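Student:
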Amino acid sequence: MSSSTKSYDVFISFRGEDTRANFTSNLHSALQIKSIRTYIDYELNRGDDVEEALPQAIQNSEISIVVFSENYASSKWCLKELVQIMNCRNCEGQVVIPVFYNIDPSHVRNQTGSFEKAFATHVQDLTSNEPSQIEDEVSKWKDALRKAANLSGWDSRTFMNDSQVIQNIVNDVLQKLYLKYPNELQGVIGIENYYDEIEPLLENFRRIGIWGMGGIGKTTTAKTIFSKHFPKYDSVCFLSNVREESQRLGLTYTRDKLLSELLKEPITTSNFSGSAFMRRRLSSKKVFIVLDDMASFRDLDYLYGELGDLGNGSTLIVTTRDKHLLKGRVDKICEVKKRNFEESLELFCLEAFKQSNPKKGYEHLSERAVKYAGGNPLALKVLGSHFHSRKIEFWECELSNFEKKKESCDEILEVLQVSYNALRNGEKEIFLDIAFFFKDEDADFVIKILNACGFNATSGIEILQDKALVTISTSNKVQMHDLLQELGLDIVRKEFSKDPGRRSRLRNIEEVRDVLKNNKGTDAVEGITLDLSANVDLQFTADTFNMMSKLRLLRLYVPLGKTRLANVEHPEVFDRCSDELRYLEWNGYPLKSLPQNFCAIFLVEIRMPHSNVEELWQGMQDLMNLEQIDLSECKKLVMLPDLSRASKLKTVVLSGCERLCVVHPSLLSVDTLKTLILDRCKKLKSLKSKNHFRFLEDLSVNYCSSLEEFSISSELIKQLDLSTTSVKILDSTIGRLSKLEKLNLEGLQLKNLPNELCCLISLHELRISKCGSVINKEMLHDLCDRLRLLNVLHLKECDKLFELPDNISELTFLHKVSLDGSSIERLPESIKHLPRLEILSLQNCRKLQFLPELPPLIKTLNVGNCKSLVTVSPTKHFSVHLIEKKCVSFENGMKLSEFSLCSIMEDALFVMKSVAFHDLLKRYNGFKANSKVEVCLPGNSVPRTFTYRTTESSITIGLANPDQFSHLVGLMYSIVLSPSPWMKHQVTFIRCQCYRADGTKVGNATTWQHKPIRKLNSDHVFLWYDCFHWYNIFQGHAKFLVSKTHVENLRFQFSVIPYRRASNDQISIKECGIHLIGSSRSEFYNCLYESDMTLESKIMCGLEFDIAHRFREVDWRLYCALRYNDFATDAEVKKEQESRRRAMLWATKKLNEKKAWYKDSH
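Residue numbers (the working numbering): 864 to 2025.
1. Could you give the residue range of the beta strand (DSSP E) that holds Thr831?
2. I need the DSSP call for Ser870, collapsed to helix, strand or coil.
3. Please say whether Cys1935 and His1883 have beta carbons closer to each other than 8 angstroms?
4. Given a threshold of 16 other Cβ atoms within 10 Å of its Cβ, counted over all protein chains shown, does Thr1183 qualify as buried or as exposed?
5. Using 8 angstroms as the threshold, is the region 946 to 965 in touch with the region 1004 to 1021, meaning 3 or more CB pairs across them?
6. Rounded to whole angstroms, what's the CA-CA distance from Val1199 to Phe1294? Just pull it up for me.
7. Mapping DSSP to helix, strand and coil, what is Phe877?
8. Within 10 angstroms of the Cβ of Ser1698, are there 16 or more other Cβ atoms? Answer buried if so, exposed if not.
9. Looking at the secondary structure, which residues open and close the alpha helix (DSSP H) in which Thr984 lies?
10. Does the count of Cβ pairs from the region 1312 to 1326 and the region 1346 to 1354 closer than 8 angstroms reach three?
11. What three-state label does DSSP hand Leu1393 in the structure shown?
12. Provide the residue(s) that pair with Val1153 in DSSP beta bridges, ordered along the chain.
13. Suppose the cutoff is 7 angstroms on Cβ atoms and the five residues either side in sequence are ignored; what does the same chain contact list for Lys1149 look like?
14. Check Asp1493 in the structure and name its three-state DSSP category.
15. Within 8 angstroms, do at least three Cβ pairs link the region 943 to 950 to the region 882 to 896?
16. On the criterion of 16 or more Cβ atoms from any shown chain inside 10 Å, does Met949 qualify as buried, or is it exposed?
17. Pull up the DSSP beta-bridge partners for Glu1358, would you.
18. Rounded to whole angstroms, what's the CA-CA distance from Ser1026 to Lys1291? Just pull it up for me.
19. Taking all protein chains shown into account, decide if Asn1607 is buried (16 or more other Cβ within 10 angstroms of its Cβ) or exposed.
20. Between the Cα of His1344 and the Cα atoms of Asn923, Phe1556, Leu1332, Thr1869, which residue gives the shortest distance?
21. Looking only at DSSP bridge pairs, what is Leu1606 linked to?
22. Apart from the five residues on each side of it in sequence, which residues of its chain come closer than 8 angstroms, Cβ to Cβ, to Asp1542?
23. Suppose contacts are defined by Cβ-Cβ distances below 8 angstroms. Is Leu1656 in contact with Val1637 by that definition?
24. How is the alpha helix (DSSP H) around Val1333 delimited, first residue to last?
25. Can you give the Cα-Cα distance for Cys1857 and Thr1723, rounded to whole angstroms?
26. Give the range of the beta strand (DSSP E) segment to which Gly1289 is assigned.
27. Assign Val971 to one of two classes, buried (16 or more other C-beta atoms within 10 Å of its C-beta) or exposed (fewer than that).
28. My understanding is that Leu1419 touches Asn1371, with C-beta atoms under 8 angstroms, so please give their C-beta distance in whole angstroms.
29. Measuring CA to CA, which of Thr1514, Asp1505, His1473 is closest to Glu1521?
30. Is the beta carbon of Asp1155 closer than 8 angstroms to that of Val1105?
31. Whose C-alpha, out of Glu1604, Leu1620, Ser1763, Leu1585, is nearest the C-alpha of Thr1596?
32. Can you tell me where the beta strand (DSSP E) holding Tyr1446 begins and where it ends?
33. For Lys1933, name the three-state secondary structure that DSSP assigns.
34. To which residues of the same chain is Glu1976 closer than 6 angstroms at the C-beta, ignoring the five residues directly before and after it?
35. According to DSSP, is Lys1091 part of a helix, a strand, or is it coil?
36. Pick out whichever of Pro1719, Leu1414, Ile1767, Met1757 has its Cα sitting closest to the Cα of Cys1708.
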């Protein structure tokens, strides 16, 4: 969200006892939903030192939200925290937002009421200190409270409920973070014209194209629109530089990045589950996507195809230099044109004079410069930076030179070169290296390599930033505009236009191929870069590199997501290679080793993945500058060289080196090592070191199937994955991994678990799946006693685990438990006391017979294929107000008693109704409601209580008038499926699409999304509630009901779709049903009565529902008038708005009066 490099956008300060379980928890969730990086003291669950961690978190946050509550001042730590926050505000400009939660702001400001009592207690507790110390401490606290209370904030007592307060706070935070967006969105001249042109289009056009010449401001226009509107959408993604990124990293990478952002989960080629499923998920979301700098029909059509039909209200913006690319692919095309003279002059002056108009005496000169830039914003910015702080004589001389060059074929590049010409030699070299090799690379990496080349990279890049030639992104990437990169390539091309072998840098495929094949390289060549995914023939000879004695950068690479297509013809050996190499990257290096006389004294990084090397070099080398070695997927590598002299070595990647049997002892003696990746080194048998690593943070030996001995210790390792190795004994040194947070022992045939495992008190994820008999109830009891911070616990297929210990309830931070395939026979009653447990998976627990009462926050419960399960406790008492998605599966529970099946069905219907009513309140209070509940269980009929049932695959319902439609709060869906042979072989999906009588779709389809359906052993009932689908229907159908008085039918078509359906597949739907959930007051109060909410919460919720129910018709009339009633006059619309405004004011007043009465009377 924020543009700074701070770790967090928001820090929340609060009194845990007052608000942790309700208001603050909901506020934290609401901020996270908007992808706002939020620090809350749950982070202390890692065992951090409170005295150190919280002040650091405050300092590393853009905004602090201080939740003042009744007992806030009773905590000395809260008061100290507040002093720190106010110091950050004074010294660093941190934004502070006070929230007064059920407390009068004057009590905070003046320390009266409960705050006065708290201070009296503090003074008494501090009597052991010196009087002056007491006075000083208390004075700081009071001063901080007074200043914080005087800031603009939010008073919860002026709102009807917490939801409204939270929504306003989130919007406030988004607005304040928007103001901290990159400078390119601030002070941009002329953009507002295009913004004003495009913004109204967002309502009527789903796909908008923005086109114009390079540097004209297309991306900035798109960013301005995006940054101001993204909070209105469920999911958003701004894909920058699609053209270059897809060329560099591959279109598959671009697709995965896009889907990951939209679906808010990591999507990679390895876990990509199919476009059809992804499209169905996206169809239920309102998304905002920007595809920036598209240049290829193929790429655009491919990404369009992956997105499919987006949810209602979605927006897609495409920017490009090619107008033809947009035709037929967008609904509206907008052109960004050159700036007019007035806008150009203002933009130029902001860079040249840091003000919006020319300085006295520079008026005519500024006009000449602006005319030369030709209305291009990038050229104006670069030119303005060039003239900044220069004398009139300099201006006169430079402008005269410009005007003499009017015959230039590319005037824009000519303008841009002005700033380049003004650079010193070292800065020019840095600019050219970035243009050729380092655009969009990590800034720290770029600075490291350039420094190794003898440049002062830090100051050089700063100067390039000052000259507007490069920028550093919020993700710390070195960025350069396409036109500026073209300028750099053009400058080097002109060095020797007809003799590439005499240029300083080579990049063009044909020119590189010619130089390498014909030995045209000279000592002028300093760098070569080539994308090996291009289908090109390369030919090397033994003396190819002989003449390139000054070569310092050699990069023959394959972008992420692509494969090497280049055909390489090579000799048996290379005679020599440059001794000046700083960076060597050669994907698929064809020889057994580097040249015999290879010198690595200046080498900083060596990356040679997928190569044929058996060894890098023989003997010992002086490796004083070497920091990284990447030999991943070198299938023939048998040994590493002696690395004793690699005094700066930090990273070694050897994943996939299948013939590597032993790691050179020198590597395990390198004190500076931070990362060691050995995944899939299948012949590696031992990894042991007596050396205690001081800096080792990342160690991975996953799928080292022959690894039997392991003993590595470091206080900094946070993750250790030993899964799929052959380690049979865990060394006691594992207890020295004091900061270990994730431990994966999955698949190990261990003889026992060392007692030292209990020393890993920072552990929050433990996986001991498929480890045979190593874990039992007694061992787990000891772990539960010590590992109190566990968040995830996987105990799949544990043969000797028949029961969980009662003290599992002590793991109060436990979020997910997976016991799939274990021998578990019962769960302890104490499991219901796990306050944060949301995911419980018991799939294939074939001995499980009874399921006790579960915790209220359970969202996902998977009890599929539990063949002995007979009895299930009721599950309807849960925290409905925290539900966003709830999935319960009793798939293939063949022995479930009739009573249990009826209970599950009853509870499912109750939960769905409760969530529907809660969604009504959320929408009434301005919140987005995207809840979804899904239940699967054995059964052969749709619930009898359903409004509509049929043995066909579609249901038609009639809605007589708008009033009938407006009294619905949601729909429940049900379908019965019978076993089918093809289910065993492919993934299957269930969907339901709504149609009008004329066959047109109403909204997008709703789908069963809990998990793909595979094998069923009997008839099964699938039930689900989808708030978003109903809301789509509500929006899409309202237009027709407003102007009609007769019955308007809606048809709901159910279908079962295999993901690669064969022509002979038989898809059978036994029965389906639709249930209309009406806004019945009695039904609502019945759901409220049986919920687990406190009495006070029930009363407040009931009051809210009464008011929401009373004014629903007002909302309905206003909604229709505003969106669909074309014949409504402005006066009628304003009348409806005023009606609702008065109603809301009255409702808020009455609700606050009733709340106050309730509190006083209790």
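Built from N, CA and C at the ideal position, the CB exists for glycine as well.
Remember, it's a predicted structure, so these values are computed and weren't measured experimentally.
Tutor: To lay it out plainly:
1. Nothing can be reported for residue 831: it is not among the residues displayed for the chain, which extend from 864 to 2025.
2. coil
3. Contact annotation: His1883 and Cys1935 have beta-carbon atoms that are not nearer than 8 angstroms.
4. buried
5. Contact check between the region 946 to 965 and the region 1004 to 1021: three or more CB pairs, one atom from each, fall below 8 angstroms, which counts as touching.
6. 28 angstroms
7. DSSP places Phe877 in the strand class (E or B) of the three-state scheme.
8. Checking the sequence shown, residue 1698 turns out to be Pro, not Ser. That one is exposed.
9. From DSSP, the alpha helix (DSSP H) with Thr984 extends over 977 to 988.
10. no
11. strand
12. Phe1101, Ile1180.
13. Tyr1096, Asp1097, Gly1174, Asn1175, Gly1176, Ser1177
14. strand
15. no
16. buried
17. DSSP output for Glu1358 lists no bridge partner at all.
18. 56 angstroms
19. buried
20. Leu1332
21. Leu1583, Leu1629
22. Contacts found: Ser1518, Gly1519, Ser1563, Val1564, Asn1565, Tyr1566, Cys1567.
23. no
24. That residue, Val1333, is in no alpha helix (DSSP H); it is neither H nor E in DSSP.
25. Whole-angstrom Cα-Cα distance: 27 angstroms.
26. In the DSSP assignment, Gly1289 falls outside any beta strand (DSSP E) and lies within the alpha helix (DSSP H) extending over 1288 to 1296.
27. buried
28. Their Cβ separation, rounded to whole angstroms, is 14 angstroms, which puts Leu1419 and Asn1371 out of contact at 8 angstroms.
29. His1473
30. yes
31. Nearest C-alpha to Thr1596: Leu1620.
32. Looking at the DSSP string, the run of the beta strand (DSSP E) that includes Tyr1446 is 1446 to 1449.
33. strand
34. A caution first: Glu1976 carries a pLDDT of 46, below 50, which makes its placement in the model too unreliable to give a value.
35. In the three-state reduction of the DSSP assignment, Lys1091 falls in the helix class, which pools H, G and I.
36. Here the closest residue by C-alpha is Met1757.
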